[in-house]
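Below is one structure; the comments refer to it alone.
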Amino acid sequence: MCSSLHLYESPHRVTAIALPVPPQQIVAGWGALRSAMYKSVPAEFSRDEWAYLMAFLDPENLSAPLLEAFGHPVDEGRASRLVRPRGVVAVWLPNNVTLLGPLTLILLTLTGNRLLLKGGSRSQDLTGAFLAFARQLAGGPLREYLHQQVCLEVFAHGDDRERRMIERADVRIVFGSEAAAAAIHGAAPPLRGAGFSFIDRQSQAWIEAGADSDDVLSNLIRVFAIYGQTGCTSPRRVVLLNGTRAKAEAMRSRMLELWPRVLRSRPPVHVASANTMASQWAAACGWDVAMAPDRHAVIGVGDLTLEAIDAPMFLAACPATVEEAVTSLPSNIQTIGHAFREPADPLWLRVAAGTTIKRMVPIARMHHFGPFWDGQDFWRQCFEEVEVQL
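Start counting the sequence shown at 916; every next residue gets the next number (my numbering).
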């Protein structure tokens, strides 16, 4: 039997959540960990990644999923719904955007489930590094949870440990290729809970002509520079809506001016060298290319018909009408990071409704991860619901 029930009230009902400790104590534990994070940065993390994690651990941010799903915590009330953890949540962590691992871990600790994590075999293990840091320096119920209810291993696909992980899971969350997700979800009888596949995606930034302010372009530089094309939420293309070729070139020129103010560090030598080759490749394909200062990145101006350049730090800049931008969207589009002159214009809702995009957010929020992802409410599905009529 569960040791305690915690009541949450929304305008529609009172929900009892069966968890061993109040979720607010887990939220508070993560919030308190930020004091230790201010003092040191593990070698595996860049300062930008560490700063993002610290911001993510803000108690208000972590309380939001609970408030949106169940309402505000209350001391008493007559519950008409019981919610409880499904049991075991198994997560196959990503190989590309490794910061998604720690963020997923943090969110899932709020569900009270036992967590089995498979680390990406071809990526830097930020999740393992963060888990080790938190296990050492977190306190109270959070420390106990991380030691007793979280297991992270790294092994190859097809390993016996993966088979056992699949069989034990009540919820499966897979970051990876479509083939890998299909293999994992198809390797065992139907789930008792739910399965989620976060597969290969790509994103774009849409800037309406006249909305390309220095703040907007600075945010674009920041979100692109973190992962380049390797991140599913990072823009591979910036579309200047209802703009001209000349305006796209002017926007690119302004980005190059802003670049050293936004990014003060130099890129690694191998990145700078790769960008030199990418610029030559792009020029041969018809792009008008220019290199960011210190060879941080390559920005190519051209139209939507030009060949896409598959290079980590190549950003395409294309003028287009809204209709052309919609028509040219790839089938695996995920996020549109936007800078619209009138964001409240119903046009943008109609545009979103007529596409397969999963997110339309301000450019500065393109990398912001949450309990609802790729159109799927994965966090909420880590609970099962019991109808109660007493």
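Backbone N, C-alpha and C fix where the C-beta goes; we use that ideal spot for every residue, glycine too.
- The Cβ atoms of residue 1144 and residue 1227 lie closer than 8 Å to each other.
- Between the region 1112-1123 and the region 1145-1164 there are three or more C-beta pairs closer than 8 Å, enough to call the two in contact.
- Under the DSSP assignment, residue 1033 falls outside any alpha helix (DSSP H), being part of the beta strand (DSSP E) whose first and last residues are 1029-1033.
- Per DSSP, residue 993 lies in no beta strand (DSSP E) segment and is marked neither H nor E.
- Straight through space, the alpha carbons of residue 1250 and residue 1115 are spaced by roughly 12 Å.
- With fewer than 16 other CB atoms across the displayed protein chains lying within 10 angstroms of its CB, residue 1222 is exposed.
- For residue 971 against residue 932, the beta-carbon gap comes to about 22 Å, at or over 8 Å, which does not count as contact.
- In this structure, 1099 is the residue among 1099, 1093 and 1091 with its C-alpha nearest to the C-alpha of residue 1079.
- Each residue's CA atom was taken as its position, placing residue 1129 and residue 1213 some 19 Å apart.
- Per DSSP, reduced to three states, the secondary structure at residue 1234 is strand.
- Taking the CA atoms as reference points, residue 975 sits about 29 Å from residue 1085.
- For residue 1275, the enclosing beta strand (DSSP E) begins and ends at 1274-1277.
- A distance below 8 Å separates the beta carbons of residue 988 and residue 923.
- It is roughly 11 Å from the alpha-carbon of residue 1260 to the alpha-carbon of residue 1266.
- The criterion of a C-beta distance shorter than 8 Å is not satisfied by residue 977 and residue 1053.
- Going by beta carbons, residue 1041 and residue 1065 fall outside the 8 Å limit.
- Note that the C-beta distance between residue 1229 and residue 1193 is below 8 Å.
- Two segments are said to touch when three or more pairs of C-beta atoms, one from each, lie closer than 8 Å; by this definition the region 1296-1303 touches the region 990-1005.
- Just so you know, the alpha carbons of residue 1168 and residue 1135 end up roughly 14 Å apart.
- CA-to-CA, the gap between residue 1030 and residue 935 works out to about 15 Å.
- For residue 1113, the CB contacts under 6 Å within the same chain, skipping 5 residues up- and downstream, are 1090 and 1289 in chain order.
- If you check the CB distance, residue 1174 and residue 1198 do not come in under 8 Å.
- As the crow flies, the alpha-carbon of residue 945 is around 44 Å from that of residue 1235.
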